[in-house]
Amino acid sequence: MGKKPLSLLISCALLAYFVYTPVPENIEQPWKVMIAWALVRVHIQVAVLLDILGFPPFALLHLLEVSPISDANVTVTDTLFNEVPVRVFEPKQKSSTMRRAVFYIHGGGWAMGDATWIPYDDLGREMVNKLDAVVVSTNYRRSPQYHFPTQFEDVYDALRWFLRKKVLAEYGVDPTRISIAGDSAGGNLAAAATQKLLDDPAVKIKVKIQSLIYPALQALDVDLPSYRENAHMPMLRKYNMVLFWSLYFTSDKALKEAMLANQHTPVESSHLFQFVNWSTLLPERFQKGHLYTNPIHGHSDLAKKYPGFLDVRASPLLADDSKLQRLPLTHILTCQYDVLRDDGLMYVSRLRAAGVQVVHEHVEDWFHGVLSFSKYFRASRRELNKYLKWLEENL
Ligand SMILES: *[C@@H]1O[C@H](CO)[C@@H](O)[C@H](O)[C@H]1NC(C)=O
Ligand SMILES: *[C@@H]1O[C@H](CO)[C@@H](O)[C@H](O)[C@H]1NC(C)=O
11 MGKKPLSLLI SCALLAYFVY TPVPENIEQP WKVMIAWALV RVHIQVAVLL
61 DILGFPPFAL LHLLEVSPIS DANVTVTDTL FNEVPVRVFE PKQKSSTMRR
111 AVFYIHGGGW AMGDATWIPY DDLGREMVNK LDAVVVSTNY RRSPQYHFPT
161 QFEDVYDALR WFLRKKVLAE YGVDPTRISI AGDSAGGNLA AAATQKLLDD
211 PAVKIKVKIQ SLIYPALQAL DVDLPSYREN AHMPMLRKYN MVLFWSLYFT
261 SDKALKEAML ANQHTPVESS HLFQFVNWST LLPERFQKGH LYTNPIHGHS
311 DLAKKYPGFL DVRASPLLAD DSKLQRLPLT HILTCQYDVL RDDGLMYVSR
361 LRAAGVQVVH EHVEDWFHGV LSFSKYFRAS RRELNKYLKW LEENL
C-alpha cells in the first residue's frame with residue numbers, strides 16, 4: 011500500500027474512532043447523533059484551546075448569531091428592556107384582540123448562548139407563527155466575565171420592565187396570558203425569576219405559566235442518579251455541567267474541584283439537603299440500581315466565599331413549601347439521558363406535594379437539549395411540536 015492510501019485509511023479510522031460513541035438503544039438516527047456530538051466536542055476543545063491562548067473561550071460561537079431580520083409574518087427587533095438587550099418577535103398581522111406573550115430565557119450554562127443564536131431566533135419565529143404570540147427573548151451577561159447574581163438580575167430586570175401595563179399595552183399583550191419559559195440554564199433563571207415574582211410587591215402583573223425545559227435547579231448534589239448514569243452522554247457531560255455551575259459562582263477552580271467530588275456543601279447548611287434528597291423525591295423507577303448515602307460535607311470556607319450555590323436564586327429547589335405552593339401552572343420537560351433529569355423530576359415531586367398544578371413531559375428517547383435540534387432530528391421535531399401545541403392550548 012502506498013503512503014497516501016495508508017494515511018487516508020488511518021485518518022478515516024481515527025475519525026471514526028472520534029465520532030463513534032455508544033448511544034442508548036432507543037435513540038433514533040444514532041449516527042446523526044454521534045456526528046452532532048462529535049461537533050459539540052470539537053467546539054468544547056476549541057473553547058479550551060482559546061482559553062489557554064488567552065482568547066475569549068466562546069469566540070467561535072459568534073458564528074451562530076444572526077441579525078434581526080423580519081420575514082413575511084414576523085417583525086423582529088433588537089432593543090433594550092431596562093438596559094438589558096432583548097430580541098422581540100411580533101406577529102405582522104394586525105389583531106383586534108390582545109395577544110399572548112412568551113418571555114423566553116436561552117440556555118448555555120450561564121456562560122454561552124444568545125437570543126440571536128440561530129436555534130433561539132428560529133424558536134422565536136416558530137412561537138409567533140404557531141401561537142400568534144409576542145415573544146421576548148432576553149439576553150443576560152454571562153460567565154466567566156460575570157458571575158451570579160448578574161445573570162439572574164439581568165433577566166429579572168428585563169422581565170420586570172416587560173411586566174408593566176404600559177409596556178404590555180404597547181405590544182398589545184394580554185396581561186393575564188403571559189408565560190415565562192427557558193431551557194437548561196435558562197430554565198434555572200426562569201424558575202428563580204418566577205419565585206422572586208411571588209414576593210415582589212413592585213410587580214403587580216404575574217405570569218400565568220412557568221415553563222421549565224430541562225432546567226438546572228440545584229447545585230448541592232451533583233451525584234444524583236441522573237448525573238451517575240449520564241456522566242458521558244451527549245449533549246452535556248457531567249464534567250461540563252459541573253464546570254458551568256462552578257463558573258456561575260466563581261472562576262476559582264477550588265469550587266469546581268470540590269463540586270466534582272460532591273463535597274462543597276458545609277455542615278452548617280446540611281438542613282438544605284432535605285430539599286434535594288433524591289431518596290425521597292425521585293419516583294421509584296429512577297432510583298433503581300442506586301444507593302443513597304448521606305452527603306459528605308465540605309469546608310465552610312468555600313461557602314463563605316461563594317455563597318451563591320446555596321442561594322435560592324441559583325438553586326430554586328431550595329425554596330420551602332410555603333413559597334412553592336404559590337407558584338403558577340408549571341410545565342416541566344425532562345429528558346431520560348440528561349444529567350439534569352433528576353433536578354426536574356425532584357421539582358415535579360416538590361411542586362405537586364405543595365399543591366401546584368404541574369404538567370410533566372418526560373422524553374424517554376433523547377438527551378439534554380432536545381428542543382434545540384428540531385431542524386435535524388425527528389425526535390426533536392416531535393417534542394417541539396408537542397411543546398408548542400401544549401402552549402397553544404394552555405396559555
Ligand atoms: C407565513 O405564514 C404562512 C401562513 O401560515 C406560511 O405558509 C409561511 O410559510 C410563513 N412564512 C414564513 C417565512 O414563515
Ligand atoms: C434522605 O432521605 C432518607 C429517607 O428516604 C433519610 O434516611 C435520609 O436521612 C435523608 N437524608 C437527608 C440528608 O436529608
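First residue of the sequence shown: 11, per our numbering; consecutive thereafter. Built from N, CA and C at the ideal position, the CB exists for glycine as well. Note that the coordinates shown come from a computational prediction; the quantities given were computed from them, not determined experimentally.
With a Cβ-Cβ cutoff of 8 Å, do Ile-219 and Phe-113 count as a contact? Numbered from 1 along the sequence shown, position 209 holds the residue referred to as residue 219. Numbered from 1 along the sequence shown, position 103 holds the residue referred to as residue 113. With a cutoff of 8 Å on beta-carbon distance, Ile-219 and Phe-113 are scored as not near each other.
Here's a check: name, in chain order, each residue in its chain whose Cβ is nearer than 7 Å to the Cβ of Val-43, leaving out the five neighbours to either side. Numbered from its first residue, the sequence shown carries residue 43 at position 33. Val-33, Ile-37 and Pro-244.
At a cut-off of 7 Å, would you count Asp-420 as near ligand 1, judging by its Cβ distance to the nearest heavy atom? The shown model of the chain, from 11 to 405, leaves out residue 420, and the question about it has no answer.
Residues in the same chain with beta-carbon distance under 6 Å from Ser-382, minus the five sequence neighbours each way, listed in chain order, please. Residue numbering aside, residue 382 sits at position 372 when the sequence shown is read from its first letter. Closer than 6 Å at the Cβ level, and outside the excluded window around Ser-382, lie Pro-129.
Can you say whether His-341 is buried or exposed, counting buried as having 16 or more other CB atoms within 10 angstroms of its CB? Within the sequence shown, numbered from 1, the residue matching residue 341 stands at position 331. By the 16-neighbour rule on beta-carbons within 10 angstroms, His-341 is buried.
With a threshold of 7 Å, establish whether the CB of Phe-68 neighbours any heavy atom of ligand 2. The count along the sequence shown starts at 1 and reaches residue 68 at position 58. False, no ligand heavy atom lies under 7 Å from that Cβ.
Suppose the cutoff is 7 Å on Cβ atoms and the five residues either side in sequence are ignored; what does the same chain contact list for Ser-384 look like? Mapped onto the sequence shown, residue 384 falls at position 374. Hits under 7 Å: Ser-390, Arg-391 and Leu-394.
Residues bridged to Tyr-114 by DSSP? The count along the sequence shown starts at 1 and reaches residue 114 at position 104. Answer is Ser-147 and Ala-191, bridged to Tyr-114.
Using the three-state DSSP reduction, which class does Leu-343 fall into: helix, strand or coil? Along the sequence shown, read from residue 1 onward, the residue named residue 343 stands at position 333. Under the three-state reduction of DSSP, Leu-343 is assigned to strand.
Alpha carbon to alpha carbon, what distance is there between Ala-264 and Arg-336? Reading the sequence shown from its first residue, position 326 is the one you call residue 336. Reading the sequence shown from its first residue, position 254 is the one you call residue 264. C-alpha separation (whole angstroms): 37 Å.
As assigned by DSSP and simplified to three states, the class of Thr-107: Mapped onto the sequence shown, residue 107 falls at position 97. Assignment of Thr-107 by DSSP, reduced to helix, strand and coil, places it in the coil class.
Are the segment 136-143 and the segment 211-227 touching, with three or more C-beta to C-beta distances below 8 Å? Per the Cβ contact rule, the segment 136-143 is not in contact with the segment 211-227 (fewer than 3 Cβ pairs under 8 Å).
May I have the straight-line CA-CA distance separating Leu-16 from Pro-40, to the nearest angstrom? In the sequence shown, the residue the question calls residue 16 occupies position 6. In the sequence shown, the residue the question calls residue 40 occupies position 30. C-alpha separation (whole angstroms): 28 Å.
If you follow the alpha helix (DSSP H) that Gln-161 is in, where does it begin and where does it stop? If you number the sequence shown from 1, residue 161 lands on position 151. Per DSSP, Gln-161 belongs to the alpha helix (DSSP H) from 160-172.
Hey, is Asn-139 close to ligand 1, as in C-beta under 7 Å from one of its heavy atoms? One-based indexing of the sequence shown puts residue 139 at position 129. Inclusion of Asn-139 in the 7 Å shell around ligand 1 follows from its C-beta lying nearer than that to a non-hydrogen atom of the ligand.
Is it the case that the Cβ atoms of Ala-241 and Val-76 are separated by a distance below 8 Å? Here residue 241 is taken as the residue at index 231 of the sequence shown, counted from 1. Here residue 76 is taken as the residue at index 66 of the sequence shown, counted from 1. No, they are not a contact pair.
Let me check you understand the geometry: is the CB of Phe-296 closer than 7 Å to at least one non-hydrogen atom of ligand 2? For the purposes of this step, residue 296 is taken as residue 286 along the sequence shown, with counting starting at 1. False, no ligand heavy atom lies under 7 Å from that Cβ.
Distance cut-off 7 Å: Ser-289 Cβ against heavy atoms of ligand 2: Locating residue 289 in the sequence shown gives position 279, counting from the first residue. Within the cutoff, so yes.
Say yes only if the C-beta of Gln-273 is nearer than 7 Å to one or more non-hydrogen atoms of ligand 3, and no if none qualify. This structure does not include ligand 3; its bound ligands are ligand 1 and ligand 2.
Exposed or buried, which one is Ile-306 when buried takes at least 16 other CB atoms within 10 Å? The count along the sequence shown starts at 1 and reaches residue 306 at position 296. Exposed.
Compare the C-alpha of Thr-344 against each of Leu-222, Ala-48, Ala-82 and Ala-203 and name the closest. Looking up residue 344 in the sequence shown gives position 334. Here the closest residue by C-alpha is Leu-222.
Suppose you measure from the CA of Lys-176 to the CA of Val-183; what does that come to, to the nearest Å? As a working note, residue 176 is residue 166 in the sequence shown. As a working note, residue 183 is residue 173 in the sequence shown. Put simply, the backbone Cα of Lys-176 is about 10 Å away from that of Val-183.
Measuring from the CB of Pro-293, is there a heavy atom of ligand 2 at a distance below 7 Å? Position 283 of the sequence shown holds residue 293. No, the Cβ of Pro-293 stays beyond 7 Å of every heavy atom of ligand 2.
Interface flag, Asp-184 vs chain D, CB-CB below 8 Å: Reference to chain D is not applicable here, since this structure consists of a single protein chain.
Would you call Glu-35 buried or exposed, if buried means 16 or more other Cβ atoms sit within 10 Å of its Cβ? One-based indexing of the sequence shown puts residue 35 at position 25. Exposed: under 16 other Cβ atoms inside 10 Å.
Looking at Gln-228 and Asp-353, is the spacing between their C-beta atoms short of 8 Å? Residue mapping note: residue 353 aligns to position 343 of the sequence shown, counting from 1. Residue mapping note: residue 228 aligns to position 218 of the sequence shown, counting from 1. Pairing Asp-353 with Gln-228 gives a Cβ-Cβ distance under 8 Å.
May I ask you to report which of helix, strand or coil DSSP gives Trp-120? Here residue 120 refers to the residue found at position 110 when the sequence shown is read from its first residue. Note: Trp-120 maps to coil in three-state DSSP.
Quick one: measure Cβ to Cβ for Glu-371 and Gln-346, integer angstroms, because I've assumed they're closer than 8 Å. As a first step, residue 371 is located in the sequence shown; it is residue number 361 there, counting from the start. As a first step, residue 346 is located in the sequence shown; it is residue number 336 there, counting from the start. Not quite, the Cβ-Cβ distance comes to about 12 Å (not below 8 Å), so this is no contact.
Find the nearest neighbour of Phe-99 within the set Thr-107, Gly-64, Glu-136 and Asn-92, judged by alpha-carbon distance. Reading the sequence shown from its first residue, position 89 is the one you call residue 99. Of Thr-107, Gly-64, Glu-136 and Asn-92, the residue nearest in Cα terms is Glu-136.
Considering just the uninterrupted stretch of the beta strand (DSSP E) at Glu-38, what are its terminal residues? Residue 38 sits at position 28 when you count from the first residue of the sequence shown. Segment: none, Glu-38 is in no beta strand (DSSP E) and carries neither H nor E.
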